[in-house]
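**Q** Shown below is the structure under consideration.
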Amino acid sequence: LAKTTQPISMDSYEGQEVNITCSHNNIATNDYITWYQQFPSQGPRFIIQGYKTKVTNEVASLFIPADRKSSTLSLPRVSLSDTAVYYCLVGASGGSYIPTFGRGTSLIVHP
Amino acid sequence: GAVVSQHPSRVICKSGTSVKIECRSLDFQATTMFWYRQFPKQSLMLMATSNEGSKATYEQGVEKDKFLINHASLTLSTLTVTSAHPEDSSFYICSARGQKYTEAFFGQGTRLTVV
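Chains A and S, in that order, are what the protein sequence lines are. Residue numbering for the first sequence is 683 to 793, as defined by our numbering. Residue numbering for the second sequence is 12 to 126, as defined by our numbering.
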């Protein structure tokens, strides 16, 4: 399984754009990159998934360079409610994929 | 995205008793379900993986006789904590994955407190 490395914590202010980068140097050819958000005492919530280049949905963008050894989750104009832990997961989408969590990034958004 | 429902959201039980936690995929068939536990300020730790109709595969260090997992249908998996002790107090989270999705979806979690 490809191991991921993220910053342990980040601070931001309301209205700013936040970029969280995840390193996954050993990513395999058929691995997808998936990001989850977790609030205290809740299960992780799917944010976005991508394979290469750029993916955008209504809540975030995911940027993946050509070598796919890293990825960046971009949250536009964060609010206080975006304070949470964000996890980057790497793995194949096939039948053998087991979601494995690293330490995640604790994002704190200040007023 | 798909919805995974976990019940109960919190439970308090006496030491020595057993507790069952249910995990249901509401709008898709979950070919594989996963069970995690999470201690305060820590990440999710995988306990076991279960496929419908098969025995669960437990991670190293997880006692299969203590944490009974049943995945009897494509929409339901249960985790039973048997003879619970205070050290079993934790946040338990289930996850489900279906064939038509590339990602896994998670339940709301169950806060277990053993007194």
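We put the CB at the ideal spot given by N, CA and C, even for glycine.
Are the C-beta atoms of S:Ala115 and some chain A residue less than 8 Å apart?
**A** The sequence position of residue 115 of chain S within the second sequence is 104, counting from 1. Chain A contact via Cβ: present.
**Q** What is the DSSP secondary structure of A:Ser761, reduced to helix, strand or coil?
**A** The residue you call residue 761 of chain A lines up with position 79 of the first sequence. Note: A:Ser761 maps to coil in three-state DSSP.
**Q** Assign A:Asp764 to buried or exposed, taking buried as 16 or more other Cβ atoms, counted over all protein chains shown, within 10 Å of its Cβ.
**A** Walking along the first sequence from the start, residue 764 of chain A turns up at place 82. It counts as buried.
**Q** Give me the chain A residues within the contact set of S:Phe45, using Cβ-Cβ distance strictly less than 9 Å, ordered along the chain.
**A** In the second sequence, the residue the question calls residue 45 of chain S occupies position 34. Simply Ile780 and Pro781.
**Q** Whole angstroms are fine: how far does the CA of S:Asp76 sit from the CA of S:Gln17?
**A** The sequence position of residue 17 of chain S within the second sequence is 6, counting from 1. The sequence position of residue 76 of chain S within the second sequence is 65, counting from 1. Those two C-alpha atoms are separated by around 22 Å.
**Q** What did DSSP end up calling S:Glu114 once you bin it into helix, strand or coil?
**A** Along the second sequence, one-based indexing puts residue 114 of chain S at 103. Here S:Glu114 sits in coil by DSSP.
**Q** Which stretch, first to last residue, makes up the beta strand (DSSP E) that contains S:Gln17?
**A** By 1-based counting over the second sequence, the position of residue 17 of chain S is 6. Residues Val15 to His18.
**Q** I'd like the list of long-range same chain contacts for S:Ser94, defined as Cβ closer than 8 Å, with 5 residues on each side in sequence excluded.
**A** The sequence position of residue 94 of chain S within the second sequence is 83, counting from 1. Contacts found: Gly27, Thr28, Ser29 and Lys77.
**Q** Going by alpha carbons, who is nearest to A:His792 out of A:Gln688, A:Met692, A:Thr686 and A:Thr687?
**A** To locate residue 792 of chain A, count along the first sequence from 1; it is residue 110. Looking at the Cα atoms, A:Met692 is the closest of the given residues.
**Q** Are any of the Cβ atoms in chain A nearer than 8 Å to that of S:Ile32?
**A** Start at 1 with the first residue of the second sequence, and residue 32 of chain S comes out as number 21. No, S:Ile32 does not count as interfacial toward chain A.
**Q** Once you ignore the five residues that flank S:Gln119 on each side, which residues in its own chain have a CB closer than 7 Å to its CB?
**A** Locating residue 119 of chain S in the second sequence gives position 108, counting from the first residue. Hits under 7 Å: Gln17 and Ser20.
**Q** Report the partner residues of S:Met44 according to the DSSP bridge assignment.
**A** Numbered from its first residue, the second sequence carries residue 44 of chain S at position 33. S:Ser61 and S:Ala107.
**Q** Quick check on this structure: which residue in A:Thr687, A:Thr686, A:Asn707 and A:Ala766 has the alpha carbon closest to the alpha carbon of A:Phe728?
**A** As a position in the first sequence, residue 728 of chain A is number 46, starting the count at 1. Considering only alpha carbons, the answer is A:Ala766.
**Q** Grab the span of the beta strand (DSSP E) containing A:Ile730 for me, first residue to last.
**A** Start at 1 with the first residue of the first sequence, and residue 730 of chain A comes out as number 48. Note, A:Ile730: beta strand (DSSP E), Arg727 to Gly732.
**Q** So what does DSSP say about S:Glu98, is it helix, strand or coil?
**A** The count along the second sequence starts at 1 and reaches residue 98 of chain S at position 87. In this structure, S:Glu98 counts as helix in the three-state DSSP scheme.
**Q** What does the alpha-carbon distance come out to for the pair S:Val92 and A:Gly697?
**A** In the second sequence, residue 92 of chain S corresponds to position 81, counting from 1. In the first sequence, residue 697 of chain A corresponds to position 15, counting from 1. Their backbone Cα atoms lie some 44 Å apart in a straight line.
**Q** What does DSSP give as the partner residues of A:Asn708 in its beta bridges?
**A** Along the first sequence, one-based indexing puts residue 708 of chain A at 26. Beta-bridge pairing links A:Asn708 to no other residue.
**Q** Please report the straight-line C-alpha distance between A:Gln724 and A:Tyr718, rounded to a whole angstrom.
**A** Working through the first sequence from its first residue, we reach residue 724 of chain A at position 42. Working through the first sequence from its first residue, we reach residue 718 of chain A at position 36. The straight-line gap from Cα to Cα measures roughly 12 Å.
**Q** Determine the chain A residues that contact S:Arg122 at a beta-carbon separation under 9 Å, and present them in chain order.
**A** Within the second sequence, the letter at position 111 stands for residue 122 of chain S. Going along chain A in sequence order, the residues near S:Arg122 (Cβ under 9 Å) are Ser723.
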